Every structure is written in C-alpha cells, then in structure tokens.
Amino acid sequence: MNKNRILTSIGILMAGVLLSGCNDFLDVNPDNRTTIDSPEKVSSILVSAYPGKSYVMVTEIMSDNADEYTNNYSDRFLDEVYRWEDVTETSPNDSPTRLWRECYSAIANANTALKGIEDLGGATTTELRECKGEALIARAYAHFLLVNLFCMNYNSQTSSKDMGVPYMYDTDSRIGQVHDRETVAAVYEKMGKDIEEGLPLVGDSHLKVLKFHFNRKAAYAFATRYYLFHEEWAKAIECANACLGNAPQTMLRDWKSYENMQRDREAYSLKYTNAQNNCNLLLLAAASDAGLAFNNYRYYKKYTHGPYLDNNETFKAPNIWGSASYYDHGPFIYTVGSNVSYDIPWRIPYLFQETDVVAHTGYRTSIFPVITADECLLNRAEAYIMLKQYDNAAADLTLWMQNILNTSRVLTPASIVSFYKPLAYSYDDKTKMASTIKKHLHPKFTIDAEGSTQECMLQCLLSFKRIETLHLGLRWFDIKRYGIEIIRRRINTSGVPEEKTDSITTDDPRRAIQIPTEVHDGGLPLNPRTK
C-alpha cells in the first residue's frame, strides 16, 4: 500500500468539502456562489452534494455498541448523546446541528446542479444525464439521513402522522425559515420518486473520483437500503441484485488479505477505507473526531465498546460459527489508565487536515465507507427473510460469514434455528443488565413469533450486521426499525455491569434526535418529548 499516495488523495478530496462546510446554513445560497452554465460546472457543483459532516459518532454512541466506563475522558456533548438527551452543544464537528446544516447544504447543491441541467436544455448528453441521476440520488440520500436521524423510523402504521423533515426542491438553504415539516411517510414517498427517476440515469463515465460520488453500484446499494427501510422487500432484492451481480463474493471486503498483516492501526484503517477496495461503494470525507473515539487513543473513552460487550454481544460472543477466527484477528484490546480496557476494530482512520502549515492548525478528519457491498449483501438477506425465502437468506448469511471468518461451515435455516432458538435474550436476568447476542424484537411490521424460523433468522442477520457495521454508525438504524429496547449501564473496575442508569423503550420519542434550536427558532416545531 502506498500510504503517502492515499493520504495525499484524501487531503485533496477533503479540502473543498471541509472548507466549504464552515458557512452557516442560514446564510448560504448556492445560486449566489456560482452560475451553472456548462456541463463541467454541473459536475463541479456535485462535488458538494454530499454532507461534509458525519452521523457516525452520534449514532454509534447512541446505540448499544457503547457502555459507560468511569474515570475516562468525555465531554458534555458525548454525555448528552449517550444519555439520549437533547444535544445543546453545537460546536463539535459531529454535532447533530452541524449534520443538519451539511445535509441541507448538500441538498441545495444537488438542486443547483438539477437547475443548471434544466437551464442547459435538459439531460441531452451522457454526461448531463449521469449528472442528473447523481444529483437525484444525492438529494434522496441527504434527506434519508435527515429523516432517519431527526424523526421516528418509517413504518406503515404511524408514519403518515409522525413529523418528518422539510423536503427541499429549491436552491435556497434557509430551511428553518421557508419550509414546513412534512410527515415521515411523505418524505419517504419523495425520496422514492427521486430514486426511481435517478437510478436509470446514474452512470460512471462522468466521474473522475468514482468512489466519492454516487456511482452506479453505490446508487443501487443505497436504493436497497431505502426499500428495505420502506418495507418493500422485493424491490430491495432487485436493487441488491443489480449492485452485487452474479458473483457477489467478488464484491465483498477481502478480509483474507488481512490475515498476515502486521498489526498497525494506521495501516489497517487506511486499508479499510481504500477507494480501490471493491466493497467500498461510497466513501465520504468528513470533519469528525470519530478517528479518535474509535481508535487506540485515550480520547472519548468514557462511552465505548469494551470487553463486556465484545465477549457477550459482538465479535467474541458465542455465535453460530463456534471457534472460527476472524481473518483480521480483531478486534484489538487497549488499556486506558490503570485498569480499563476497550475492544475496537480498526476501521475509521484518524487524519488531520492542516489549513495552516506554519501554526499546524486545521481539522480532525476521517474517511467513512458509508455504503458497502457487504452491507448490501446483508440487506438482501434481510429482505429474503421477510419474504420467507429462507434458503436464499441462509446462502447470503453463509457467504458473509465465510468471507469474514476462517470457516467452511454452511448455514441452513434449520441450523440457524437450532443455534439461536435456545439462546437467552439480553436483559432477561434478575438484574436486567446481562448480555447475549439476542434482543427482543418489536418492529411495527409483522414478523413471526419468538423462536420461529423467521425470528431466529432475523436474530442471526442482526448479529451479523452488528459486527459488519460496528463503528460505522448503522446499528442505531436497526435498533429503531426493530423497536429494540436497550439499556444504559455502568461498567465497574472488574469489567462487569454494576448499575443500570437508563433505558430506551420501543416507542421512546428520544429515538428521534431533536432538531437544532436555531431551526426551531426559524419556525419548525420540535420533536415531542415525554420528559
């Protein structure tokens, strides 16, 4: 691996993204920044049609991938996030306020590109047609993040009434002042229209940096996730097939190549986020502290993924593959202070983008693989389970398992039921704190009873997805969709839970992150709270 070449490429890609994100979203209007009068300018504005901030830090800490440890560094921002409180700290790069701004700025840029294409006479060339497809998918993606973070999750029972976010079609980014909140169902309907119009147009020939834009495979993988969340299982499978093709094993992360690597945090994380990996379909650069929080640094370790979680719920927990080992030999154990350890996979690189080479000031940054082929495969498996095509689902689950672990075991619906059905559920002990790889599922969509083939296969699927996406922030989305109740607990110096401090129930309104105060001041109603 040429590390200098990777870091140089990252620096070039991030410079425009990070510096453009400094403007306040109430003041920025893309129409005032540039006139789109050529295909080259259309393509150029699409560089900024992606959020320059990340959800990963917030959703990872909100999920059940973190426990509380004493005597470790934190700050008020993460204290609020971990406790599912309304976040009052707006300055951190990873704050919900900054993500809201960046998403709507990205949407405004996508809309500027669409308006430019219209002013040029429409998508009359291959380049303009592909740019239009990218803009439509990028607009849908930014709205997807907003509605899934700042609202309750989509479901066919309540989403026609649940508050959504404004769906923006114009190029004015002053969202709080000029738009109303739509329903979650309405937002999903509009995202669906953008996706359906955009997918046939998306192509790769106009892209100079393929993996940092919605290329064809990334667009279909995102569509797979959208249809899965929208409970359109057959369409999710159709889009996953379009992404993965006839040889999905060639699309997955090459975990075996880690087998003989020297253990080095920087080398592992840069390899994980390398744009040349077939599995990395969409990479986004973002100013973020996630590279510190999810690596072997002392920062932000009050709330972390430690040995108790690892041994009972995630990587090292007893699972269907038995004693098989991970090809990357992870996760890795580090000790903070005198007696606190944490277990972490090296996935998110810590990078620093200097803006002043003399003063050595700049931004903490990272690269995030926000859409991957491995997630797409597991999303397809989930859709198969929902349609009760269990053999197909078991084949996808086997493919994922054999790719990340050194095992030749083949899963079947019967073997999955045999393993998962007898397992206890988390929190069913006397203290209501003990962990297993199973949690009770309470989705709004219908699934069969606990212990059924469908429920056992969903338990398998969710445990695999949790490992696949740990420290990538996606576990929180599954917690919301499946109504999974999780607890907050403090881990003592012996490494076991000593106190339950909070819990979040299936319909707890705190599952929807509170909208920014400044947006509420502009006229948008707040998300409801019970306390």
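As numbered in the UniProt record's numbering, residues 1 to 531 make up the sequence shown, in order.
A virtual CB, placed ideally from N, CA and C, is assigned to each residue, including glycine.
Predicted, not measured: the structure shown is a model, and the values here were computed from it.
Minimum C-alpha distance to residue i - residue among the options
i    : options                   : result
T112 : S43, I344, Q459 and F214  : S43
N406 : L282, Q353 and S323       : S323
A381 : Y427, L228 and R481       : L228
W321 : K217, L399, N109 and E196 : L399
L270 : S38, G291 and K256        : G291
F222 : V209, K208 and N241       : N241
E89  : V187, E518, S426 and R475 : E518
N280 : Y384, S288, N260 and C243 : C243
D75  : A359, K480, T505 and D289 : D289
P422 : T412, N392, D396 and E455 : E455
D37  : L128, P96 and S95         : L128
A393 : E182, E196 and C376       : C376
G495 : Y69, Y384 and D79         : Y69
A424 : I437, T431 and K430       : I437
K217 : D508, D429 and L283       : L283
S156 : V358, R409, T446 and D79  : T446
G451 : K256, N492, F419 and T431 : F419
L99  : T530, D521 and P516       : P516
P39  : R83, L411, G121 and T530  : G121
L46  : E130, T501, L199 and N296 : E130
D119 : E189, M433, T35 and N153  : T35
Exposed unless 16 or more other CB atoms sit within 10 angstroms - verdict on residue i
i           : result
G52         : buried
A140        : buried
Q402        : buried
H230        : buried
residue 579 : Outside the displayed span of the chain (1 to 531) sits residue 579, for which this structure offers no information.
H329        : exposed
R489        : buried
I333        : exposed
E499        : exposed
N260        : exposed
H213        : buried
E134        : buried
S54         : buried
P525        : exposed
K193        : exposed
F464        : buried
N246        : exposed
residue 597 : The chain is shown from 1 up to 531; residue 597 falls before or after that span and cannot be answered.
Beta-carbon proximity list for residue i, same chain, < 6 Å, skipping 5 on both sides
i    : result
Q514 : D86 and N527
A106 : A49, Y50, P51 and A142
S503 : I487
V17  : The pLDDT assigned to V17 is 40, lower than 50, so where the model puts this residue is not dependable; a value taken from the coordinates is nonetheless given after this. Excluding residues within five positions, the ones whose Cβ falls inside 6 Å are G52 and A285.
S435 : N312, E313 and S426
A110 : A49, A135, A138 and R139
Close Cβ partners of residue i (< 7 Å) along its chain, the five nearest in sequence each way excluded
i    : result
C151 : D162, M163, G164, V165, V184 and A512
C103 : P51, A142, L145 and L146
N32  : At N32, the pLDDT of 43 sits below 50, so the modelled position is not reliable; the number obtained from the coordinates is stated separately. So the list is empty, once near-sequence residues are dropped.
M191 : A140, H143, F144 and Y226
V81  : V58, I61, M62 and V87
T453 : Y390, P413 and V417
T335 : S341
R298 : Y73 and V336
I385 : A393, Q454, M457, L458 and L461
L397 : A381, L411, C460, L461 and F464
Cβ neighbours of residue i in the same chain (closer than 8 Å, five flanking residues each side left out)
i    : result
L210 : D204 and A275
N65  : H305, L309, T314, R466, L470, H471 and R475
T355 : L19, T361, G362 and Y363
T126 : G203, S205 and H206
F352 : G362, Y363, R364 and T365
Whole-Å CB distance - residue i paired with residue j, under 8 Å assumed
i           : j    : result
R364        : N93  : 7 Å
M62         : A293 : Their Cβ separation, rounded to whole angstroms, is 13 Å, which puts M62 and A293 out of contact at 8 Å.
I467        : T314 : 6 Å
D67         : Y427 : Rounded, the Cβ-Cβ distance is 13 Å, inconsistent with contact.
A123        : L201 : 7 Å
K302        : N148 : With a Cβ gap of about 26 Å, K302 and N148 do not count as contacting.
residue 541 : V187 : The requested residue 541 is not part of the displayed model; the chain covers only 1 to 531.
K115        : T171 : 6 Å
T273        : I367 : 4 Å
E266        : P349 : 7 Å
T530        : P497 : About 26 Å; that fails the 8 Å criterion.
L78         : Y258 : About 30 Å separates the two Cβ atoms, so there is no contact after all.
Cβ-heavy atom distance, residue i to the ligand NAP, below 7 Å
i    : result
E102 : No copy of the ligand NAP occurs in the structure displayed, which carries no ligand at all.
Is there contact between the stretch 378-394 and the stretch 226-240, where contact requires at least three CB pairs shorter than 8 Å?
yes
Three CB pairs or more closer than 8 Å across the stretch 368-376 and the stretch 247-260 = yes
Practice task
Evaluate the contact criterion for the stretch 460-472 versus the stretch 302-322: three or more CB pairs, one atom per stretch, below 8 Å.
Solution key: yes
Query raised in the report: Are at least three pairs of beta-carbons, each pair with one atom in the stretch 432-441 and one in the stretch 475-487, less than 8 Å apart?
Result: yes
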